[in-house]
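In case it helps, the working numbering puts the sequence shown at residues 153 to 363.
Note sheet for the following structure.
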Amino acid sequence: MQNLVKRIIGISVIVLVIILAFKYCQFKKDDDKDIEYNTNLIQQQILNVGKLVVTEGHFSEVVTYKNQQKYFLDMVSFEKKALVVVNANVTVAYDLHKMKYDIDEKNKTITILNIPKEEITINPDIKFYDIEQSQMNQFTGDDYNKINKSVKANLAKKIESSSLKTNAQNRLISELSKILILTNSMGWKLQYDGKTIESDKDFNQDLNSKL
153 MQNLVKRIIG ISVIVLVIIL AFKYCQFKKD DDKDIEYNTN LIQQQILNVG
203 KLVVTEGHFS EVVTYKNQQK YFLDMVSFEK KALVVVNANV TVAYDLHKMK
253 YDIDEKNKTI TILNIPKEEI TINPDIKFYD IEQSQMNQFT GDDYNKINKS
303 VKANLAKKIE SSSLKTNAQN RLISELSKIL ILTNSMGWKL QYDGKTIESD
353 KDFNQDLNSK L
């Protein structure tokens, strides 16, 4: 009788262990599915964010270009000058296709490794008015190249002091925040530059120091 009871208890323990093992495997399987599902969601969101973010602006300026050629020990000079009117379309773009990131499924953490620097494109429309020149000092291709180079340098300074780059960065942060919203909603962490990103303000501070 005792042997029968022992056998019944032994069989019950074995059955219980099998059931618990099955439940654990099922739980582990469901957990793995959940992690895989979350990872796919995050990757899809990054793909959605991974696009060209472009901010456009328009700048105008008027420049007077002068050049003087002197001869005979500077006793004779020939001058050329022109009024240069510049209208330029400028774009500041972030190509988020180039963004690098790492997904740590175990610790439920996504780390942004690199955000591409902005790409500034200047397309000036240059027109010349009131051109004055002489046979001894005419406008040449070198003059137009100098003017074009000077115009782009002046425009670059204007862009730096304008709100165009700030507006472009705000659009960048708006796109990156979509990843932050998703990770927060799923209980994941988002990191950048060695810090945990918890709000748009964190992005803004880190980007200002990096970009």
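Ideal placement from N, C-alpha and C gives every residue a C-beta, glycine not left out.
Where residue i falls, given that 16 or more other Cβ within 10 Å makes a residue buried
i	result
ILE349	buried
ALA305	exposed
ASN275	exposed
THR207	buried
ASN259	exposed
GLY209	buried
ILE198	buried
THR335	buried
ALA173	Note that ALA173 scores 46 on pLDDT, short of 50, meaning its location in the model is unreliable and no value can be drawn from it.
Beta-carbon proximity of residue i to residue j, cut-off 8 Å
i	j	result
LYS233	LYS218	yes
ALA320	ASP277	no
Residue closest to residue i, alpha-carbon to alpha-carbon, out of the options
i	options	result
ILE331	ALA245, SER351 and THR243	SER351
ILE325	TYR246, PHE211 and GLN196	TYR246
ALA308	PHE211, TYR296 and ILE198	PHE211
THR273	VAL244, ASN192 and ASP354	VAL244
LYS298	GLN196, VAL236 and GLU231	VAL236
GLY339	TYR296, ASN300, GLU257 and GLU271	GLU257
GLU270	ASN322, ASN192, ASP354 and GLN196	ASN322
GLN196	HIS249, GLU213 and VAL238	HIS249
ASN192	ILE255, SER313, ILE283 and SER314	ILE255
Rounded Cβ spacing between residue i and residue j (contact assumed at less than 8 Å)
i	j	result
LEU342	ILE262	5 Å
LEU265	TYR253	6 Å
LEU328	VAL242	With a Cβ gap of about 23 Å, LEU328 and VAL242 do not count as contacting.
VAL303	VAL215	7 Å
MET288	GLN221	6 Å
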